[in-house]
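Single-structure report; data block below.
There are 2 protein chains.
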Amino acid sequence: MRVRVLGSAAGGGFPQWNCGCRLCHGVRTGNVRARPRSQECNAVSADGDRWVLLNASPEIRAQIEAFLALHPRGSRHTPIAAIVLTSGDLDHVLGLLSLREGQRLAVYATEAVRRGFVEGNRLARTLERFPGQVLWRAIDDGPATELADPDGLPLGLTLTAAPAPGRPPPHLKGNLPDDPLENIGLALADAQGRRLAYVPGTAEITPKLEALMAGAEAVFLDGTCWSDDELIAQGLSQATARSMGHLPVGGPDGSLATLAGLAARRRILIHLNNTNPLLDEDSAERRAAEAAGWEVAEDGLEIVL
Amino acid sequence: MRVRVLGSAAGGGFPQWNCGCRLCHGVRTGNVRARPRSQECNAVSADGDRWVLLNASPEIRAQIEAFLALHPRGSRHTPIAAIVLTSGDLDHVLGLLSLREGQRLAVYATEAVRRGFVEGNRLARTLERFPGQVLWRAIDDGPATELADPDGLPLGLTLTAAPAPGRPPPHLKGNLPDDPLENIGLALADAQGRRLAYVPGTAEITPKLEALMAGAEAVFLDGTCWSDDELIAQGLSQATARSMGHLPVGGPDGSLATLAGLAARRRILIHLNNTNPLLDEDSAERRAAEAAGWEVAEDGLEIVL
Chain A
5 MRVRVLGSAA GGGFPQWNCG CRLCHGVRTG NVRARPRSQE CNAVSADGDR WVLLNASPEI
65 RAQIEAFLAL HPRGSRHTPI AAIVLTSGDL DHVLGLLSLR EGQRLAVYAT EAVRRGFVEG
125 NRLARTLERF PGQVLWRAID DGPATELADP DGLPLGLTLT AAPAPGRPPP HLKGNLPDDP
185 LENIGLALAD AQGRRLAYVP GTAEITPKLE ALMAGAEAVF LDGTCWSDDE LIAQGLSQAT
245 ARSMGHLPVG GPDGSLATLA GLAARRRILI HLNNTNPLLD EDSAERRAAE AAGWEVAEDG
305 LEIVL
Chain B
5 MRVRVLGSAA GGGFPQWNCG CRLCHGVRTG NVRARPRSQE CNAVSADGDR WVLLNASPEI
65 RAQIEAFLAL HPRGSRHTPI AAIVLTSGDL DHVLGLLSLR EGQRLAVYAT EAVRRGFVEG
125 NRLARTLERF PGQVLWRAID DGPATELADP DGLPLGLTLT AAPAPGRPPP HLKGNLPDDP
185 LENIGLALAD AQGRRLAYVP GTAEITPKLE ALMAGAEAVF LDGTCWSDDE LIAQGLSQAT
245 ARSMGHLPVG GPDGSLATLA GLAARRRILI HLNNTNPLLD EDSAERRAAE AAGWEVAEDG
305 LEIVL
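First to last, the protein sequences are chains A and B.
Remember, the numbering used here sits 4 above the position in the first sequence when you count from 1.
Remember, the numbering used here sits 4 above the position in the second sequence when you count from 1.
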């Protein structure tokens, strides 16, 4: 299984367009040793030929162009055989609207995420220009689903999902009944049983999410904020990480401490907010995460399981 | 007046994600002498300090980062003082949804364009997180409007608009009553009376559009397709340029012939579709356009009036 990080930042990217915090300013000027990152999006392939996107970021066009394996191989063609959504957040779904131009798409989403995108969203009609333009396929937290391309051809990957506690995005708040599957973590397994766990956003490590990660060869985990009060301390917001649906990485009850026993060979933090000191390659937090066996995702990182 | 081209391609950009036509393939491999282009978006400033965006492309984040003058100058700040929309096309409006993160925006649009974006579009609620997050200000084809920032401070630019014949985008078709102001051309003038005309999409050069362009020092014009049957000839679509709302550039009744008498010092074709031979710097069409006194916009082009 090949896994390619197309984008590794939280919503807004790094640097963020209207942010001049130490890190955003530092990455623009080169005063901080850090790499710019586009918004979270991954590509996974069992055969290196047909690819599954994990989420569809607003920057999907540039992300596709930056990865040769996703370039078309005919006058109208895409190696993107399916797209899996982990939430209805704009940074996870907005890219769908850039994947038009008459291409059929197979999109895997929970019913809550599908409704959040399709209902009450006239923009989604750009993906309803001909019958079957988007084939919505349901994810739930039951038995594994075999992923398939728009023609139904299997992609050699099965998907299991678990609810991830979170916070609905502003555009969905109060609009749909609360549903634990508004936000999920997932695992992909290939025919050899090699497993990737992908949990880019969660406010809590639940037993079900721990079960998803157990036995995975690689784990991508919510790395939005290092500390709960990170945005408050920088005077950028009144919101804690947890109130935004993100378990902080650091601290005695953060994800690193909670998952100290995780056996995965590759443990990778993704969905990094522009305020997160992990972005600074010279930071103490970066050294602490690495000492605990965690990597910090960056755009273009590729792993093979 | 400073004018900076942030993006110069039509919807889908160049190359387009799922297109392997001669030009898209050629720009990826370097076999065609052409530059990649992001989707059409311009920035204009009377004082070099506060900027007005013309349209908000899906790629706005990268476009802002690529232009130093648009970087924030404080911990939360943007030099983008206003945004003007010429249509409700996704490639003109989707970027608004990437300009969240608590920033106040002054958005100038006709009532038809505002309704097309706000009504029946739950995603737009991400821009309604606090009162006054987006200040919609109406454009019509009446007297000139003085552009102002969210606090009402004038930006030293006045705007006039005229209807541009076009075709509503798929997500709006049949949803709202037909309105000639769904698609507009506009002119911006500074205090010294220097004028920029901006007509990125039109199926026809009407007398009103000609009046907008008359006396302008610089004109940006719809350069989507060179010939009416360009997509058909390449086997990519059954649609003519005109049926998609774009007057072809070439031919005896194309825009170059129609506007042969235009006096503007800078005449620039923008919103180039990936099929347009003007993208190929070695093409006969490129030579013909240049011989007629027209430039082909590229990302990063800057002009001073």
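Just so you know, even glycine gets a beta-carbon here, dropped at the ideal spot from N, CA and C.
Remember, predicted model here, so these are calculated numbers, not experimental data.
{"Check": "Whole angstroms are fine: how far does the CA of Arg32 of chain B sit from the CA of Gly304 of chain A?", "Outcome": "18 angstroms"}
{"Check": "Is the beta carbon of Val111 of chain B less than 9 angstroms from the beta carbon of Leu139 of chain B?", "Outcome": "yes"}
{"Check": "Can Ser61 of chain A and Leu103 of chain A be called in contact, C-beta distance under 9 angstroms?", "Outcome": "no"}
{"Check": "For the stretch 168 to 200 of chain A, which residues have a CB atom closer than 9 angstroms to at least one CB atom of chain B, in sequence order?", "Outcome": "Pro173, Pro174, His175, Leu176, Lys177, Asn179"}
{"Check": "Counting only beta-carbon atoms, is Cys45 of chain B nearer than 9 angstroms to chain A?", "Outcome": "no"}
{"Check": "Which term fits Leu213 of chain A, buried or exposed, when burial requires 16 or more other beta carbons within 10 angstroms of its beta carbon?", "Outcome": "buried"}
{"Check": "Please list the terminal residues of the continuous alpha helix (DSSP H) segment that includes Ala66 of chain A.", "Outcome": "64 to 69"}
{"Check": "For the beta strand (DSSP E) that contains Glu221 of chain A, what are its first and last residues?", "Outcome": "Run containing Glu221 of chain A: none; DSSP gives neither H nor E here."}
{"Check": "Measuring CB to CB, does Leu89 of chain B end up less than 9 angstroms from Asn280 of chain B?", "Outcome": "no"}
{"Check": "Can you find a CB in chain A that lies within less than 9 angstroms of the CB of Asn22 of chain B?", "Outcome": "yes"}
{"Check": "What are the uninterrupted segments assigned as alpha helix (DSSP H) that are 4 or more residues long and contained completely in the stretch 217 to 295 of chain B, given in chain order?", "Outcome": "234 to 237, 259 to 262, 288 to 295"}
{"Check": "Of the choices B:Trp21, B:Gln107, B:Cys45, whose alpha-carbon is the least far from that of Gly78 of chain A?", "Outcome": "B:Trp21"}
{"Check": "Between the Cα of Ala207 of chain A and the Cα atoms of A:Leu176, A:Asp257, A:Gly239, A:Asp182, which residue gives the shortest distance?", "Outcome": "A:Asp257"}
{"Check": "In chain A, which residues lie less than 9 angstroms from Thr130 of chain B when you measure between Cβ atoms?", "Outcome": "Leu94, Pro173, Pro174, His175"}
{"Check": "How is the alpha helix (DSSP H) around Asp95 of chain A delimited, first residue to last?", "Outcome": "94 to 97"}
{"Check": "So, at 6 angstroms on beta carbons, what are the nonlocal neighbours of Asp183 of chain B in its own chain, with the 5 sequence-adjacent residues on each side left out?", "Outcome": "Ala116"}
{"Check": "Based on Cα-Cα distance, which residue from A:Glu221, A:Phe134, A:Leu151 lies nearest to Leu58 of chain A?", "Outcome": "A:Leu151"}
{"Check": "Cα separation between Thr130 of chain A and Leu176 of chain B?", "Outcome": "9 angstroms"}
{"Check": "So Cys25 of chain B is in the beta strand (DSSP E); what residue range does that whole segment cover?", "Outcome": "Segment: none, Cys25 of chain B is in no beta strand (DSSP E) and carries neither H nor E."}
{"Check": "Would Ala245 of chain A pass as an interface residue toward chain B - the criterion being a Cβ-Cβ separation below 9 angstroms?", "Outcome": "no"}
{"Check": "Which two residues bound the contiguous alpha helix (DSSP H) that contains Arg8 of chain A?", "Outcome": "Unbroken run through Arg8 of chain A is the beta strand (DSSP E), 6 to 11; no alpha helix (DSSP H)."}
{"Check": "Measuring only between beta-carbons, confirm whether Cys25 of chain B sits less than 9 angstroms from chain A.", "Outcome": "yes"}
{"Check": "At which residue ranges does the stretch 130 to 167 of chain B contain complete beta strand (DSSP E) runs of 3 or more residues, listed in the order of the chain?", "Outcome": "138 to 143, 149 to 152, 158 to 167"}
{"Check": "Classify Arg290 of chain B as buried or exposed, calling it buried when 16 or more other Cβ atoms lie within 10 Å of its own Cβ.", "Outcome": "buried"}
{"Check": "Using 10 angstroms around the beta-carbon of Asp226 of chain A, count the other beta-carbons present and answer buried if the total reaches 16, otherwise exposed.", "Outcome": "buried"}
{"Check": "Tell me the residue span of the beta strand (DSSP E) that contains Trp36 of chain B.", "Outcome": "Note that residue 36 of chain B is Val in the sequence shown here, rather than Trp. Where Val36 of chain B is concerned, there is no enclosing beta strand (DSSP E), given that its DSSP letter is neither H nor E."}
{"Check": "If you measure from the CB of Gly30 of chain B, is any heavy atom of the ligand SAM nearer than 8 angstroms?", "Outcome": "Summarising the ligand content, the structure contains no ligands, and the ligand SAM is consequently not present."}
{"Check": "Would you list, in chain order, the members of the stretch 273 to 290 of chain B that have their beta-carbon closer than 8 angstroms to a beta-carbon of chain A?", "Outcome": "none"}
{"Check": "For Arg119 of chain A, report the span of its beta strand (DSSP E) as first-last.", "Outcome": "Per DSSP, Arg119 of chain A belongs to no beta strand (DSSP E); it is in the alpha helix (DSSP H), 115 to 122."}
{"Check": "Distance cutoff 9 angstroms, beta carbons only. Does Ala66 of chain B sit that close to anything in chain A?", "Outcome": "yes"}
{"Check": "Which residues, taken in chain order from the stretch 202 to 233 of chain A, show a beta carbon closer than 8 angstroms to some beta carbon of chain B?", "Outcome": "none"}
{"Check": "Considering only residues of the same chain and omitting the five flanking positions on each side of Leu310 of chain B, which have a CB-CB separation below 6 angstroms?", "Outcome": "Chain B is shown from 5 up to 309; residue 310 of chain B falls before or after that span and cannot be answered."}
{"Check": "Straight-line CA distance for Ala168 of chain A to Leu161 of chain A?", "Outcome": "21 angstroms"}
{"Check": "Could you name the residues of the stretch 109 to 125 of chain B whose beta carbon sits closer than 9 angstroms to any beta carbon of chain A, in the order they occur along the chain?", "Outcome": "Gly120, Phe121, Glu123, Gly124, Asn125"}
{"Check": "Using only the alpha-carbon positions, how far apart do Leu159 of chain A and Gln242 of chain A sit?", "Outcome": "44 angstroms"}
{"Check": "With a threshold of 6 angstroms on Cβ separation, who are the neighbours of Ala193 of chain A within its own chain once the five nearest residues in sequence on each side are excluded?", "Outcome": "Thr162, Arg199"}
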